[in-house]
Every structure is written in structure tokens, then in C-alpha cells.
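What follows is a set of notes on a single structure, which appears directly below.
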DNA sequence: TCAAAAGTGTTTGCAATACACCCATGC
DNA sequence: GCATGGGTGTATTGCAAACACTTTTGA
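Residue numbers (the working numbering), protein chains in the order written: chain A, 11 to 239; chain B, 11 to 239.
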């Protein structure tokens with residue numbers, strides 16, 4: 011079933027900046043466009059809003075349709091409205107940003123896409139349309155977010171080491187952090203539960219694994235915190 | 011000239027939450043609606059976007075048209091898209107928030123409005139449509155803003171006392187602050203220039219007046235700061 | 001002389017920073 | 001036994017918080 015038959019709003023789209031963390035690298039999900047304009051180029055997953063849905067719903071649907079990504083945290087970022095941002099006609103686009111753990115999502119191309127793939131955030135990405143600005147704004151928002159809300163639950167495997175968490179923070183912020191201070195502050199938040207499990211098959215002392223205390227995590231997410239990492 | 015003749019986008023509007031500070035009270039600008047729906051009720055100034063303008067431009071134009079407010083700081087807040095937020099048809103609305111000094115703006119009703127007036131933010135306001143949510147989101151954003159960016163330049167007269175500035179902060183945050191600590195921190199930012207002028211005709215010791223060092227103010231606005239007021 | 005707000009410093013505690021060595025493991 | 005990353009504690013510093021009295025002015 012094509013989106014067209016579902017009554018789209020022709021001048022309103024949603025674009026999603028989906029961040030994932032894998033192999034110590036922060037990545038962004040792009041899809042290869044099946045149709046014109048910009049056919050064949052790698053773009054942010056996006057699509058038109060239906061007459062029957064709110065923007066949040068559209069974002070969820072579009073991510074599922076274009077790349078098979080489901081059940082994730084989404085947050086509205088900004089609305090882009092340059093007159094010529096889309097070449098065929100005037101379309102304004104609402105940007106969303108999302109965090110997921112790539113390992114939990116098997117990408118597959120969907121409607122309007124021939125492929126879906128992760129790209130390194132720090133690599134050189136040639137975005138079509140105004141997706142460069144959209145991406146930049148979303149990345150910026152992610153960097154703000156990490157300093158006053160807990161983050162990681164959405165991006166890491168269920169059990170992880172403190173070093174993994176620190177790597178995640180370092181990737182997002184683009185700076186390196188002091189190990190001892192990082193641990194002190196993170197553990198001080200009491201949002202991690204230490205497990206009696208350790209890394210396996212590593213050529214060095216095995217790191218203890220932790221999981222998120224989901225309840226505390228949610229509380230912190232609501233009330234936020236305020237420290238320098 | 012009516013907006014209709016300028017080719018509006020019928021499903022896309024902008025609503026503005028304009029904050030002003032006067033007589034130690036934080037206020038929001040509302041306009042009285044001339045037409046249906048919600049004729050006669052006090053609403054956020056808003057209007058439809060033209061096919062020929064970006065959202066930021068629309069916000070500027072709409073504020074000027076509805077209430078004669080010009081030349082102000084505007085910032086996009088959020089896009090509201092509930093299917094039934096507007097009763098006549100599906101309209102999504104992009105909210106902006108703005109800060110102005112009421113004394114510098116002579117309100118007068120414009121297109122689609124029969125009146126324009128300031129309302130106390132802390133009073134009971136009966137908003138039409140989903141303007142309650144829009145207002146709440148904007149106020150929330152203002153409260154965030156005040157903690158990590160300088161604010162006040164847009165809301166205060168050119169020359170003002172430290173007490174006025176403190177009152178402004180207290181109004182926005184809805185809590186009272188310690189005078190000595192407030193002064194230490196504000197002066198520490200080096201964004202104020204002390205003048206050799208003082209309050210006049212007050213029945214107590216006259217307060218020194220300050221003005222903003224616009225350059226430092228702008229620098230701080232870009233790089234932000236991070237302290238608890 | 002009283003009322004009302006302006007103006008001013010110090011102490012205390014906490015949280016951020018900087019920093020270096022021993023531990024466990026696989027090869 | 002060596003290379004690799006895991007794990008740990010302390011001293012210092014700077015900033016936030018709490019707090020009360022004197023000064024100026026007009027009525």
C-alpha cells in the first residue's frame with residue numbers, strides 16, 4: 011500500500027535523524043532514495059504526513075516504513091521551511107531525532123528506499139536537500155541532551171561496562187573524559203545496577219557489567235540533572 | 011491588503027507567544043479574535059503562512075499585522091499537530107516565542123483582531139484551541155533559557171537597576187533569589203556596564219543604573235553559560 | 001526619625017578537577 | 001612476562017549557598 015493512497019498532506023513532511031552507537035562509533039541512519047528527486051542518494055529517512063495522523067505518529071510510521079526501525083524514542087527537533095528546500099514544490103519538514111541500539115534493529119529498505127545503512131557521524135556525508143542543516147541541528151540537540159538528561163539506555167545493549175558507557179559519552183561529545191571522575195559521577199546518579207557478570211574472552215581484566223535501573227533512569231529523565239561531564 | 015490575497019498555505023499557521031515585562035510582572039500578549047472560530051476570545055497572535063515566506067518571516071509579519079509589534083527577538087519553539095487542534099480543518103501550527111519590552115511597543119489591533127492586550131502570565135487565562143499547551147511549552151522554554159543564556163536586554167528599558175533585573179529573573183523563574191549572590195554572579199558575567207546615573211525621586215536610596223554591554227551579551231548568548239541562579 | 005530599598009563580605013560546604021598506580025587476564 | 005584495559009582514592013580549587021547590617025533618601 012503506498013502512502014499516496016492514504017491521503018498525504020503534500021506540503022508537510024517529517025525527517026528523522028536516527029542515532030545509533032556501535033563499535034565505539036556514533037552513527038546516523040540513512041536510506042537510499044528509490045525515486046526522484048535525488049534518486050540514489052543517501053538521505054535522512056523521511057516522508058509525508060498523512061491527513062489522519064499527528065507528527066509524532068508520522069515519525070514512527072515513517073521510520074518503520076523506510077527502514078524497519080520500530081519502537082524507539084523520538085523527539086521533535088525543529089521545523090524547516092526554506093522556500094526552496096525541496097526542489098519540486100514547497101514542502102516544510104519537521105525534524106525528529108531518535109536514539110536506538112543498532113544491534114536490536116535489522117534494517118531493511120522499505121517504501122521509497124532501496125537500501126538503509128549506518129554512516130559514521132564524524133565521516134564526510136554528502137547530504138541531499140537541506141539534510142545537512144537538519145542533521146547538524148539534531149546532533150547539536152543530542153549534545154545538549156547528554157549533559158542534562160541521562161542517555162544510553164536507548165543506545166547500549168542491555169548489559170554493558172562503564173567503559174562502554176564512557177565511550178558513548180565521548181563519542182557524542184567529541185571529547186575525552188577522565189575515567190575516575192566519569193565513574194564517580196555516573197555511579198553517583200544511582201541509575202546503574204551492578205551485575206555479577208563480567209566481560210568474557212578479553213585479553214585483559216574483565217570489566218564488570220551493569221544495567222540501567224529503569225525506574226531511576228526515568229525519574230532522572232524527567233527531572234534532569236545539571237553537571238559537567 | 012488581506013492575507014488571503016497573498017496566497018496563504020491553508021494548513022500551516024504560526025502562533026507567537028510574546029513575553030513582556032512591566033511593573034514587575036511577566037506578561038503575555040494576546041489578541042482578541044475578530045472572526046470565527048472563537049470569535050471574541052483572547053488568543054495567541056497567529057496566522058497562516060504565505061507561500062512565499064519561510065516560517066521565521068511569517069512570525070515577524072504576523073506579529074506586526076496582528077498587534078503592531080516589530081523588530082523583536084524570535085525563536086522557534088515547537089510544532090503542534092493534533093488532528094483536531096483547529097476546529098474547521100486540519101491545520102498544523104508552528105509556535106514561536108518572543109521577548110519584548112512593552113514600553114517600546116504601542117499595541118494596536120490589526121488584521122483579524124479587534125484588540126491586543128497584555129495578560130499576567132501567572133493569572134488565570136482561558137486560552138482557546140490548544141493555545142494553553144503552546145503557551146505552557148513556550149513558558150517552559152523561557153525558563154530553561156534564562157538559566158543558560160543571558161536574558162533581559164529584550165525585556166528591560168535601556169537603563170535599569172540590578173533590582174529590576176533581579177525582579178525579572180524572579181518573575182520568570184517563579185522563585186526568589188538571594189540579592190548578594192545574584193549581584194555577584196550577574197556582575198561576574200561582565201555583561202553590564204555601570205552608569206553614573208541613579209534612580210530619581212524614590213523615597214529611599216537611589217539605585218545605580220546599568221546598561222547591557224551588547225557585545226559581551228551577544229558573546230554570552232552564543233556560548234551560553236551554566237549556573238544556578 | 002522613620003520607612004523602604006540599596007548596597008556590601010565572609011564563611012561554609014560541596015562538587016569539579018587533576019592526577020598515578022596496581023590488578024586481572026590472555027597470549 | 002608482557003601488553004592491554006579495568007579499577008581505585010586523594011588533594012586542591014572554585015563556585016554556590018547561606019546569612020545581617022549599614023547607607024541613603026524622601027516623607
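Even glycine gets a Cβ: it sits at the ideal position worked out from N, Cα and C.
With contacts defined by Cβ atoms closer than 7 Å, residue 138 of chain B and residue 51 of chain B form a contacting pair. Each of B:68, B:163, B:117 was checked against the Cα of residue 40 of chain B, and the nearest Cα belongs to B:117.
With its beta carbon less than 7 Å from one in chain B, residue 92 of chain A belongs to the interface. Rounded to whole angstroms, the gap between the alpha carbons of residue 182 of chain A and residue 201 of chain A is 20 Å. Put simply, the stretch 206–220 of chain A does not touch the stretch 25–37 of chain B. Fewer than three CB pairs are less than 8 Å apart. The Cβ-Cβ distance between residue 64 of chain A and residue 24 of chain A does not fall below 7 Å.
In this structure residue 229 of chain B is exposed. Its beta-carbon is surrounded by fewer than 16 other beta-carbon atoms within 10 angstroms. Contact between residue 165 of chain B and residue 30 of chain B holds, since their C-beta atoms are separated by about 7 Å, short of 8 Å.
Under the Cβ distance rule, residue 146 of chain A does not count among the residues neighbouring chain B, no pair being separated by less than 7 Å. DSSP places residue 21 of chain A in the uninterrupted beta strand (DSSP E) bounded by 18–32.
Taking a cut-off of 8 Å on C-beta distances, the stretch 220–229 of chain B touches the stretch 189–205 of chain B, as three or more cross pairs fall below it. A distance below 7 Å between beta-carbons, with the five flanking residues on each side excluded, links residue 88 of chain B to the following residues of its chain, in chain order: 105, 147. Between residue 198 of chain B and residue 191 of chain B, the alpha-carbon positions lie close to 10 Å from each other.
Following the DSSP letters along the chain, one finds residue 38 of chain A inside the beta strand (DSSP E) bounded by residues 35–43. Per DSSP, the unbroken beta strand (DSSP E) holding residue 126 of chain B starts and ends at 123–130.
Identification of residues in the stretch 92–125 of chain A having a C-beta nearer than 8 Å to some C-beta of chain B yields 92, 93, 100, 102, 104, given in sequence order. In the structure shown, residue 66 of chain A falls within a helical segment according to DSSP collapsed to helix, strand and coil.
With a beta-carbon spacing of about 6 Å, residue 161 of chain A and residue 155 of chain A fall inside the 8 Å limit used to define contacts. With respect to the C-alpha of residue 151 of chain B, the residue from B:107, B:189, B:231, B:113 having the closest C-alpha is B:107.
Rounded to whole angstroms, residue 71 of chain A and residue 143 of chain B show a C-alpha spacing of 24 Å. Sorting B:131, B:111, B:91, B:140 by C-alpha distance to the C-alpha of residue 79 of chain B places B:111 at the top. Closest in alpha carbon position to residue 55 of chain A, among A:83, A:28, A:48, is A:28. Contact between residue 93 of chain A and residue 99 of chain A is ruled out by a C-beta separation of about 10 Å, above the 8 Å threshold.
Among the residues of chain B, those whose CB is under 8 Å from the CB of residue 22 of chain A are 21, 22, 102, following chain order. Taken atom to atom, the span from the alpha-carbon of residue 73 of chain A to that of residue 84 of chain A is near 10 Å. The three-state secondary structure of residue 195 of chain A, taken from DSSP, is helix. For residue 54 of chain B, none of the residues of chain A pass the 8 Å Cβ criterion, the least Cβ distance being about 17 Å. Residue 112 of chain A sits in a helix when the DSSP states are folded into three classes.
Membership of residue 221 of chain A in the beta strand (DSSP E) is indicated by the continuous run 218–222. Among the residues of chain B, those whose CB is under 7 Å from the CB of residue 64 of chain A are 91, 92, 93, following chain order. For residue 158 of chain A, the enclosing alpha helix (DSSP H) begins and ends at 141–158. Annotation: residue 16 of chain A has no Cβ neighbours in chain B at a cutoff of 8 Å; minimum Cβ distance is about 14 Å.
Taking the Cα positions, residue 66 of chain B is about 43 Å away from residue 211 of chain B.
Within the same chain, Cβ atoms closer than 8 Å to the Cβ of residue 49 of chain A are found at 43, the five residues on either side in sequence being excluded. DSSP places residue 72 of chain A in the helix class (H, G or I) of the three-state scheme. Taking the CA atoms as reference points, residue 136 of chain A sits about 15 Å from residue 126 of chain A.
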